[in-house]
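Here the structure comes first, spelled out in structure tokens, and everything after it is commentary.
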Amino acid sequence: METSESPASVGPVLRARGLEKRYGDGEGLVQALDSVDLDVARGESLAVMGPSGCGKSTLLHLLGGLERPSEGEVWLAGRRVDRLSEKALARLRRRAIGFVFQAFHLMDELTALENVELPALLAGSSPRAARQRATELLGQVGLTDRADHLPAALSGGQRQRVAIARALSNEPLVLLADEPTGNLDTAATLDVLRVLDSLRAAGQTLVIVTHESRVAATADRLISMRDGGFVEETRLTRGTHGRLGELAGLES
Amino acid sequence: MGRALLVVRLAARDLRRRPAETALLLLAIMAATTTLTLGLVLQGVTDKPFQSTREATAGPDVIAALFPRSDGTVDPAQVKAVTGEPGVVAHSGPYPVAGAVLEAGDRTVVAQIEGRDTAVASVDQPKPTRGGWLRPGGVVLEAAFAEALDIGPGDRVTLSPIEETAPGSEPSLQASGAGREFRVDGVAVTAATPPYPEPACLVNLCQGGADTGVLWLGRADALSLYPRRDSFIYVWNLKLADPARAPAFAAEHNPPADLPEGARSSGPPPPFLEPWQVIRDASANLVDNQRRALLTGAWLLAFLAVASVAVLVGGRMADQLRRVGLLKAVGGTPGLIAAVLLAEYVAVALLAAAAGLVVGSLTAPLITEPSAGLLGSAGAQTVTLSSAGVVTAVALAVAVVATVVPAVRAARTSTVLALADAARPPRRTAWLVALSARLPVPLLLGLRVAARRPRRTLLALVSIALTVSGVVAALAAHADLPNGSGSARADRLDEVLLVITITLVAMAAVNAIFVTWATALDARRSSALERALGATPLQIGAGLSAAQVLPALAGALLGIPGGLELIAMADPDSSSPSPPLWQLLAVVPATVIVVAVLSAVPARIGARQPAGRVLQSELA
Amino acid sequence: MPEPVGVSVKEPTSGYQLRVVQEVLLALLATQASHGYQLRARLQLALGPLAEALNAGQVYVTLNRLEKAGLVSSQRVGQTDRPDRKVYELTASGRERVMEWLDDTSWPKPAPAEFHLKLVAAAAAGLADPVRLVDAQRHALLDGLAAAQRAALAEPDGSIAGLLLEGVVLRLQADLRWLEACAEYWTSTKER
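Protein chains in written order, with numbering that gives the first Met the number 0: chain U, 0 to 251; chain P, 0 to 619; chain B, 0 to 191.
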């Protein structure tokens, strides 16, 4: 297993200070996020867990520039990004952030390959370069034989893997995943976990929002949220096989 | 009974929920029905007045023009042949007719002068509407002619003999001699010539297509203008025992049409007979042109309305699908479902038909006042029952054609699919997707947006093609009109053309805005996704505009030959008129620019919402 | 289940033991006779990474007991270049025992009662903060979950041991869900 780069040498790749997000006003005011601070080191894999409505998806959207915070700051690779214009945010998303959604959000009328090459095309790559990169990435997630299939012909796990490949298209600094296994059954979850694990091993910075503890358990660090705030932070040990026997029902 | 009530209630509620769309539907169909009403109301609008004029003036059944021999007299045999026929019960004449240059105030026009007696003629005695009949030294002008020149009894005019012109060219306005001044004694109507601005066509006067008017003056005065007797032709007005026989009578006496020029025997040309039916039809010419323009415009607007409604309906069917599912799940038959879906649009169509009929009949007087040269008005401009039926049928047809396919499809969808709200999946066109990858980002996005909904793109293309056809046809018709200033005929037709063109363009503009808005809504999810993947809002907006501009370009290119074909169909007797080349060339870029501008606003609005919000709402 | 009879209990004590190793060995012998080492290999295959945790000598000890109890019989087989090895096969009563085991649908019981009572007692006696206890337990289980999930990911697709690990993961997940509910409850109790 590769170790991540020493964080001290490069500083956190993602940093948030005092993040707040409010919706509505007066009687209908909803405080989705309540003054949250966060640092994510390069190469780190972070899981955010919590009950529904705790603000974890909102946090991810703010980190990814899909929404603007009501208060607070977000820094990506040392650049302040929360006050950027939509245009600059779009450029940012092209280069630095990859997003994976619970509902996959693939274009139904494009094949897997065409879906994966889309971010590169939007960033201005030549069609050939985009296609080449897309083919590579599909190979990485193990779907080379499905390159010409439409999403409707793919299973849930395959669709999410295509979505992950798409998110990697422009070599993002951070991959943000919002409940990546939320719509998947156990087998598909395993497939996606495998891909995420291989990314983690290759040094990709990951922030995964999930309500499934098994997904969170594969991360380096786990943050629990409730009611818009962080309540706990845990560093997960790698665990040894020794305990496994007991957990499986073998007696000592 | 209960079911019919249910259908009505559901339809009414749905219409009320979307007032803007309902209003738009109404407007689109109303444009077509109003124009159609106007066109139909113009049918036969001159018939009654012409009949009244004929009765009041003892109008002739046949007008016979006889040409003088070289000595200036008419061959009596010819006269006998015409007037002595059995079946001719009365006649008046001969009256000398020639062309002259008329100066009235600062206007100089060509007129057809006819020498008359002060006594009352037995056939064709023009009836004065102002002033009185001829007195020595005076002239009487045809009523519409006088109105156009803005002169009345008591004014003075100058008549000068006209210079000989070669046949086939415009009648010269050069006086070839000194003019004489005359006093206007009165203004009268007649059934022997169509009213101004229909040209009076005896004596080579309507070769150039210029408007000419008719006036009467004393016989002696007429003869004094032209010392040479052979400058005149002589007109007899005949009354037949059986007026309906007039065309046959004229045909018997007219030379065969295929007689070659050179085969004419030396001597005076044979007489030329014109039946009263021809005069009646010519009196309706002006109105006829307007009517044809209006009817053509009405059909174009109707097709445009079909396209608009189809786009509107197509967009709404997607979210009607869930209602359909519910109705089915509680036991509604496909028939009931289709009835509910159609009921809304049928209701709007009926309302639009009624509104169009009302507005059409209210505004009809603006264009249908028959000429001052005919007695009486066209009667109350009531819409006949058959016209109302036609208008309603067209409105219903528009609604049904535009909605039947989506309605049937929705009614046939399986309940499960409908409840799951599996909205129509976008279509995939592999070669377009591959092609778009090579284009710059806005075109990439635009092409894919257009390809996702091919039917809507096609409708946008068709509506632009129809509009451009209409505009090109109108431009061609306008170019075909003689551009002499003061040509009343041209002016009135021009007005109608302008109104139709403006209506067409307005409907098409509204359509373009709406199609863009519908497309932006439809593409909301994929636009949000593309923004999440790195497209800037500007690129998204430009893409949505491009999705409109590309079919508009194709539609404009199609509209040019379409318009030329249209004008050829609408006006079969004119020789393939065409607008000036610069106008034809300007139509395409003008259309593209207008569509780009119109689609820019809704496109930008659609691109502004934060991407996260749209994508997240997908999950809710 | 008959008690092992009169046998020296010098069993190796390192590693874990299977509670039902007797039944498993009988079942594995149902189709064909096998050597001891073959049976052990098949067990290890089915357990995957957990096999290393298994007590090394348990198989042979159990085979002895089973033979003494008359459920299997053995034969020595001569080998050319090695000491003789035993081949075991099922007897009729052994076969009976296998069928009984296969038909038995009793399931290892979940046991939240103990932990539940631990919390209640701690709270009642003021000995410890139940929320802290829950958190500590959660961390322990999370570590276990991490180990199990990682082991599952390391297994190739369709591996039979992967299925076992899946079972571990899913039950740990379920337990963790209950612990989250406990945390909720005891936190809100504290706040009242």
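Each residue gets a CB set at the ideal place from its N, CA and C atoms; glycine is no exception. Note that the structure is a prediction, hence the values are computed from the model and not measured.
Worksheet item: CB-CB under 6 Å to P/L614, same chain, minus the five flanking residues each way: which ones, in chain order?
Response: For the purposes of this step, residue 614 of chain P is taken as residue 615 along the second sequence, with counting starting at 1. Non-local C-beta neighbours of P/L614 in its own chain, meaning closer than 6 Å and more than five positions away in sequence, comprise A527, ordered along the chain.
Fill in: Closest residue to P/A392 among P/V345, P/L457, P/R408 and P/Y94 (Cα-Cα distance)
Here residue 392 of chain P corresponds to residue number 393 of the second sequence, with the count starting at 1. Selection P/V345, P/L457, P/R408 and P/Y94 evaluated against P/A392 yields P/V345 as nearest (Cα-Cα).
Worksheet item: With burial defined as no fewer than 16 other Cβ atoms inside 10 Å of the residue's Cβ, what is the status of U/S44: buried or exposed?
Response: Locating residue 44 of chain U in the first sequence gives position 45, where the first residue counts as 1. U/S44 is buried by the Cβ-count criterion.
Worksheet item: Does DSSP classify P/E180 as helix, strand or coil?
Response: The sequence position of residue 180 of chain P within the second sequence is 181, counting from 1. In the three-state reduction of the DSSP assignment, P/E180 falls in the strand class.
Worksheet item: Under 7 Å Cβ-Cβ, which residues of chain B neighbour U/A247?
Response: Counting from one through the first sequence, the residue named residue 247 of chain U turns up at place 248. Those within 7 Å of U/A247 in chain B are L49, L163 and V167.
Worksheet entry | Residue span of the beta strand (DSSP E) that contains P/T157, given as start and end | In the second sequence, residue 157 of chain P corresponds to position 158, counting from 1. Segment R155 to P160, the beta strand (DSSP E) holding P/T157.
Worksheet entry | Option nearest U/R193 by Cα separation, candidates B/P155, B/L171 and B/E183 | Position 194 of the first sequence, counted from the start, is the residue given in the question as residue 193 of chain U. Checked all of B/P155, B/L171 and B/E183; the closest Cα to U/R193 is B/P155.
Worksheet entry | Reduced DSSP secondary structure (H/G/I, E/B, other) of P/I632 | Outside the shown range of chain P (0 to 619) lies residue 632 of chain P, about which nothing can therefore be said.
Worksheet item: Should U/F98 be flagged as near chain P, meaning a C-beta pair shorter than 7 Å?
Response: Here residue 98 of chain U corresponds to residue number 99 of the first sequence, with the count starting at 1. Interface annotation, U/F98: in contact with chain P, CB-CB separation under 7 Å.
Item to complete: Return the chain-ordered ranges of every beta strand (DSSP E) run that is complete within the region 100-164 of chain P and spans a minimum of 3 residues.
Response: Here the runs fully enclosed are 106-115, 126-130, 137-141 and 155-160.
Worksheet item: Among P/D60, P/G324 and P/V188, which residue has its Cα nearest to the Cα of P/R408?
Response: For the purposes of this step, residue 408 of chain P is taken as the residue at position 409 of the second sequence. Across the set P/D60, P/G324 and P/V188, the C-alpha of P/G324 shows the shortest separation from the C-alpha of P/R408.
Worksheet item: How many angstroms separate the CA atom of U/V115 from the CA atom of U/L136?
Response: Residue mapping note: residue 115 of chain U aligns to position 116 of the first sequence, counting from 1. Residue mapping note: residue 136 of chain U aligns to position 137 of the first sequence, counting from 1. When rounded, the distance between both Cα atoms is 8 Å.
Discussion item. Any beta carbon of chain U sitting closer than 7 Å to that of P/G469?
Written reply: Translated into the one-based positions of the second sequence, residue 469 of chain P becomes position 470. For P/G469, the answer is no, since every Cβ of chain U falls outside 7 Å of its Cβ.
Item to complete: Determine, using beta-carbon pairs with one atom in the region 128-146 of chain U and one in the region 449-463 of chain P, whether at least three such pairs fall under 8 Å.
Response: At 8 Å Cβ cutoff, the stretches do not touch.
Worksheet item: Since P/R451 and U/E108 are thought to touch, with beta carbons under 8 Å apart, how far apart are those beta carbons, to the nearest angstrom?
Response: Walking along the second sequence from the start, residue 451 of chain P turns up at place 452. Walking along the first sequence from the start, residue 108 of chain U turns up at place 109. The Cβ separation is near 6 Å, so the contact holds.
Item to complete: Thinking P/L543 and P/A602 are a contact (beta carbons under 8 Å), I'd like their distance in whole angstroms, please.
Response: Stepping through the second sequence from its first residue, residue 543 of chain P is reached at position 544. Stepping through the second sequence from its first residue, residue 602 of chain P is reached at position 603. 4 Å between Cβ atoms; contact.
Worksheet item: Of all the options P/A522, P/T535 and P/V81, which has the alpha carbon lying nearest to the alpha carbon of P/L272?
Response: Within the second sequence, numbered from 1, the residue matching residue 272 of chain P stands at position 273. Closest option to P/L272, judged by alpha-carbon separation, among P/A522, P/T535 and P/V81: P/V81.
Fill in: Proximal residues, the region 184-199 of chain U versus chain B, C-beta separation under 8 Å
Within the region 184-199 of chain U, the qualifying residues are T185, L189, L192, R193 and D196.
Worksheet item: Where do the N-terminal and C-terminal ends of the alpha helix (DSSP H) with B/W100 fall, by residue?
Response: Here the question's residue 100 of chain B lines up with position 101 in the third sequence. The continuous alpha helix (DSSP H) containing B/W100 extends over residues A91 to D102.
Worksheet item: So, is the C-beta of B/A52 closer than 7 Å to a C-beta in chain U?
Response: Residue 52 of chain B sits at position 53 when you count from the first residue of the third sequence. Closer than 7 Å to some Cβ of chain U, the Cβ of B/A52 qualifies, so yes.
Discussion item. Does the contact criterion of 3 or more C-beta pairs under 8 Å hold for the region 150-169 of chain U versus the region 209-221 of chain U?
Written reply: Counting Cβ pairs under 8 Å, fewer than three are found: no touch.
Practice prompt. Just tell me which of U/W74, U/G52 and U/D33 has its CA closest to the CA of U/P11.
Written response: Position 12 of the first sequence, counting from 1, holds the residue named residue 11 of chain U. Selected option, being the one with the closest Cα: U/W74.
Item to complete: May I ask you to report which of helix, strand or coil DSSP gives P/H252?
Response: As a position in the second sequence, residue 252 of chain P is number 253, starting the count at 1. The answer is helix: DSSP assigns P/H252 an H, G or I state.
Discussion item. With a threshold of 7 Å between beta-carbons, can U/R213 be considered close to chain B, or not?
Written reply: The residue labelled residue 213 of chain U in the question sits at position 214 within the first sequence. It does; some Cβ of chain B falls within 7 Å.
Worksheet item: For U/L235, which residues in chain B fall below 8 Å Cβ to Cβ?
Response: Taking the first sequence and counting its residues from 1, one reaches residue 235 of chain U at position 236. In chain order, L141, D142 and A145 make up the part of chain B whose C-beta sits under 8 Å from the C-beta of U/L235.
Worksheet item: At a cut of 8 Å, does the region 116-123 of chain P reach the region 88-107 of chain P through at least three beta carbon pairs?
Response: Contact between the region 116-123 of chain P and the region 88-107 of chain P is present, because at least three Cβ pairs lie under 8 Å.
Worksheet item: Taking Cβ positions only, does U/R242 come closer than 7 Å to chain P?
Response: As a position in the first sequence, residue 242 of chain U is number 243, starting the count at 1. Taking Cβ atoms only, chain P never reaches closer than 7 Å to U/R242, which makes this a no.
Worksheet item: What number of angstroms, rounded off, separates the C-alpha of P/S484 from the C-alpha of P/V397?
Response: Counting from 1 along the second sequence, the entry for residue 484 of chain P is found at position 485. Counting from 1 along the second sequence, the entry for residue 397 of chain P is found at position 398. Its pLDDT being 45, under 50, P/S484 is placed unreliably by the model, and nothing is read from it.
Item to complete: Note down, in chain order, each residue of its chain lying with its Cβ closer than 8 Å to the Cβ of B/L141, except the 5 sequence neighbours on either side.
Response: Start at 1 with the first residue of the third sequence, and residue 141 of chain B comes out as number 142. Answer for B/L141: L175, listed in chain order.
Worksheet item: Could you give the residue range of the beta strand (DSSP E) that holds B/K108?
Response: Within the third sequence, numbered from 1, the residue matching residue 108 of chain B stands at position 109. Looking at the DSSP string, B/K108 is not in any beta strand (DSSP E), and its letter there is neither H nor E.
Worksheet item: Considering only the beta carbon of each residue, do P/G131 and P/G185 sit closer than 7 Å?
Response: If you number the second sequence from 1, residue 131 of chain P lands on position 132. If you number the second sequence from 1, residue 185 of chain P lands on position 186. Their beta carbons are under 7 Å apart, which means P/G131 touches P/G185 by this criterion.
Worksheet item: What are the partner residues of U/E232, as DSSP defines its beta bridges?
Response: Taking the first residue of the first sequence as position 1, residue 232 of chain U is located at position 233. According to DSSP, U/E232 bridges with U/I222.
Worksheet item: DSSP three-state call for B/Q16: helix, strand or coil?
Response: As a first step, residue 16 of chain B is located in the third sequence; it is residue number 17 there, counting from the start. It is a strand residue.
Worksheet item: Taking the Cβ atom as the reference point for each residue, do U/A176 and B/L144 lie within a distance shorter than 7 Å?
Response: Along the first sequence, one-based indexing puts residue 176 of chain U at 177. Along the third sequence, one-based indexing puts residue 144 of chain B at 145. No. Outside cutoff.
Worksheet item: Are the beta-carbon atoms of P/Y233 and P/V61 separated by less than 7 Å?
Response: On the second sequence, residue 233 of chain P is found 234 positions in, with the first residue counted as 1. On the second sequence, residue 61 of chain P is found 62 positions in, with the first residue counted as 1. No Cβ-Cβ contact shorter than 7 Å links P/Y233 with P/V61.
Worksheet item: Short check: CB of P/V347 to CB of P/L25, under 7 Å?
Response: By 1-based counting over the second sequence, the position of residue 347 of chain P is 348. By 1-based counting over the second sequence, the position of residue 25 of chain P is 26. In this structure, P/L25 lies closer than 7 Å to P/V347 by Cβ.
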